[in-house]
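Protein chains in written order, with this note's numbering: chain A, 37 to 446; chain B, 37 to 446. All residues carry an ideal CB built from backbone N, CA and C; glycine is no exception.
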């Protein structure tokens, strides 16, 4: 029997209990051992829930119990999760987490503590909910140099953008609807400003580079400025707009960005709708691959947490290698990265085209029915720095959205 | 250093050598050890290839060399691959294979020999080429009861059906084109009759049930009877036709089938085109997930093989658990499985509708422009047995194609 403790009895924590209760038989078979929840740490009591008999309020009960081999941290936030996790590892317990904020901030350190003690610190559920992308990178695509990883990593914003695309709704409407449905929080900032996706791509970037990528270094732009007019242009171009979190290799460098982007029908992420997440990966041997699933939600997330518990139960006293050193990786400056740009400009296309092309070079002009007094252009590939400099020379730029094209095959 | 031998220097075998030569640094880092190819077994010589110095013609050289810890079997076919694999395992060497025919036929036995000796027999590349579906089932989705697994597992037929759908081409044309492009073999039977997909779904069915599923027991229908007329009806219904290999849980039973099926735009497999493969999975906790990538090709397949080598190098003398017992699983008879059916019937819809509905109950009638003297119907859900009995009462049935709907959420 492997005794475990769950820290935090919120949505994910209660999901973990439910998954283990529902699928206990097959989970135990796969773990090669019976997984037993001995304690659940929460400040609250749950008098009407059978879990009450396992509830403890003091983390020391868990840390001081030598029977506890695995601790599930599903509290969220940096503190006290960070201190508790560190103390658990130092006490010889492996830890599983769904806490993306903590992993993005202190992942390298916690992994190194685990490695030094032949323990494990696993965090599959921190990115992409039920999509096994972390294990894919660590254990599956091990023969490849990962050249690109681009994901739709936030379900709330993907739900909103899908609604805007398919129903022609505007940002404020869909945000309200998402909040009413419980898909967006009352304070939606972490989702709509891209902060959540940024932490997730920081984790994935660290895993593919093997070095620490600080989320503060990643250029991050949310979806708050995306309008139904933008979607009209996207449709006209045979494209849609998605909030993409992306990390690409350029030689020894990595370029990471979170921003709304236009993608065409041919892109594997085009059809990822509603609250679903997906991660596109390009390996130098594998070519293109994509992983798709529920990026959030109680049971999918808990399923990923419990899969990590199974892995740790199979590897008690044996570190599963993870390449993520503390050494910091300097990202390629955004100014040096190249792409096409979609730009909305006020005025009349016919009369302004020459002026615009004098600055940007040849562009494709696009107009959308019912949108007067403005037009759209698609530039040729140029660096962000070049775009910045050139766009400053043009009056009446209303909005710019980057165009994401799949990298050419090597 | 971990010494390995590669048996077979064909497409995949030379790909394995290329992957290890190209990505050696990161592969060794991930394996925690240097992977060294000591021998390559082939009947031929390759005088102009640097591999020649490693070529051996006698399998005993490999089997009798105690330095060889891992053997890569990429010969294909049942014999001599089966005998060689068994002898390697009995001599204490772990084995990696891409050989779906051998795994489908003797997987349970070879796994049990490996387990008894604390060795590993891994076969990621046998299903879905570079898509890590086997490892996803064995190591990632371990907290779930897998309720359904449905895949596009054959790139050749998917390429052909994509061409038929998007270009309105007919079967013979696209087969010829696929053969000219090297996507289909001169004798295309294994692909177009569904035999290849059948072996792959047999392997996946064994993995999700933990018991032996014999491929001979799986109802298998190829794409040879699919016409451009069928595609016209599919388009009219907002659907497409894919060769699906599927395994679904019904209580304690499993229903497995390989057959062309109509799927709607909402199905995650709808957009999987050309030679790409994809596997849709529904877990009782996870919900829906999908894995997408190159199902074949030298480097994607070799990438999966080498990822298995890395895993075995990390687990020398330690069996990685796989639930696949020798005990045979009896599949649910196809007659008892239920679905909707699309049926093409000769004659005029208006005059025959009553007769048809007297037999099938209410149906949806569908006609396609330019197709005279026939019409299509979509029945309500019924069992295959019921369909068989009812359709025998109607004259002039031209073709039947099953309709695949996603299972309702539990």
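Ranked by how close their Cα comes to the Cα of residue 406 of chain A, the residues A:280, A:267, A:284, A:373 have A:267 in first place.
With respect to the 7 Å criterion, residue 331 of chain B and residue 218 of chain B are not classified as neighbours on the basis of their beta carbons. Proximity of residue 105 of chain A to chain B, defined by a Cβ-Cβ separation below 7 Å, is not satisfied. Within chain B, the residues 62, 65, 66 have their CB atoms less than 9 Å from the CB of residue 359 of chain A, given in chain order. Residues of the stretch 116 to 136 of chain A that bring their beta carbon within less than 9 Å of a beta carbon in chain B are absent altogether. Put simply, of B:319, B:58, B:191 the residue whose alpha carbon is nearest the alpha carbon of residue 280 of chain B is B:191. By the 16-neighbour rule on beta-carbons within 10 angstroms, residue 350 of chain A is buried. Put simply, the CB of residue 180 of chain B is near chain A, with a gap under 7 Å to one of its CB atoms. Any Cβ of chain B closer than 7 Å to the Cβ of residue 207 of chain A would place that residue at the interface, and such an atom is absent. Approximately 5 Å separates the beta-carbon atoms of residue 329 of chain A and residue 166 of chain A; this is inside 8 Å, confirming the contact. Per DSSP, residue 106 of chain A is one residue of the beta strand (DSSP E) stretching across 104 to 109. Using a CB distance below 8 Å, the part of the stretch 322 to 335 of chain A facing chain B consists of 322, 323, 324, 325, 326, 327, 328, 329, 330, 333, 335, ordered along the chain. When DSSP reads this structure, residue 375 of chain A sits in a beta bridge with A:418. Residue 349 of chain B is outside the set of residues whose beta carbon lies under 7 Å from a beta carbon in chain A. A residue is called buried once 16 or more other Cβ atoms fall within 10 Å of its Cβ, and residue 238 of chain A is buried on that count. In the DSSP assignment, residue 132 of chain B forms a beta bridge with B:108, B:158.
Taking each of A:114, A:324, A:126 in turn and checking the Cα distance to residue 107 of chain A, the smallest one comes out for A:126. Rounded to whole angstroms, the separation of the alpha carbons of residue 403 of chain B and residue 412 of chain B is 6 Å. If you ignore the 5 residues before and after residue 64 of chain A, its C-beta comes within less than 8 Å of the C-beta of 70, 71, all in its own chain and listed in chain order. Within the stretch 278 to 291 of chain B, contact with chain A at the beta-carbon level (separation under 7 Å) is assigned to no residue. Relative to residue 365 of chain A, the option among A:195, A:232, A:159, A:244 whose CA is nearest is A:244. Below the 8 Å Cβ cutoff, chain A contributes no neighbours of residue 380 of chain B, its closest Cβ being approximately 29 Å away. Linking residue 324 of chain B to residue 303 of chain B through their CA atoms gives a straight-line distance of about 11 Å.
Looking at the DSSP output, residue 184 of chain A shares a beta bridge with A:284, A:318. For residue 296 of chain B, the secondary structure class from DSSP, reduced to helix, strand or coil, is strand. Your pair residue 439 of chain B and residue 378 of chain B checks out as a contact, with CB atoms roughly 6 Å apart and the cut at 8 Å. Taken in chain order, the members of the stretch 163 to 179 of chain A whose beta-carbon sits within less than 8 Å of a beta-carbon on chain B are 166, 167, 168, 171, 172, 175, 176, 177, 178, 179. Separation of the CB atoms of residue 352 of chain B and residue 105 of chain B is rounded to 6 Å, and the pair is thereby assigned contact status at 8 Å.
Of all alpha-carbon atoms in A:88, A:171, A:111, A:172, the one lying nearest the alpha-carbon of residue 46 of chain A is that of A:111. Just so you know, the alpha carbons of residue 322 of chain A and residue 133 of chain B end up roughly 17 Å apart. Bounds of the beta strand (DSSP E) holding residue 41 of chain B are 38 to 43.
Here DSSP, grouped into helix, strand and coil, assigns residue 326 of chain A to strand. With fewer than 16 other CB atoms across the displayed protein chains lying within 10 angstroms of its CB, residue 68 of chain A is exposed. Taking 7 Å as the CB threshold, residue 339 of chain A lines the interface with chain B. Taking C-beta atoms as the reference points, residue 296 of chain B and residue 308 of chain B fail to come closer than 7 Å. A:382 is the residue among A:398, A:382, A:265 whose C-alpha sits nearest the C-alpha of residue 431 of chain A.
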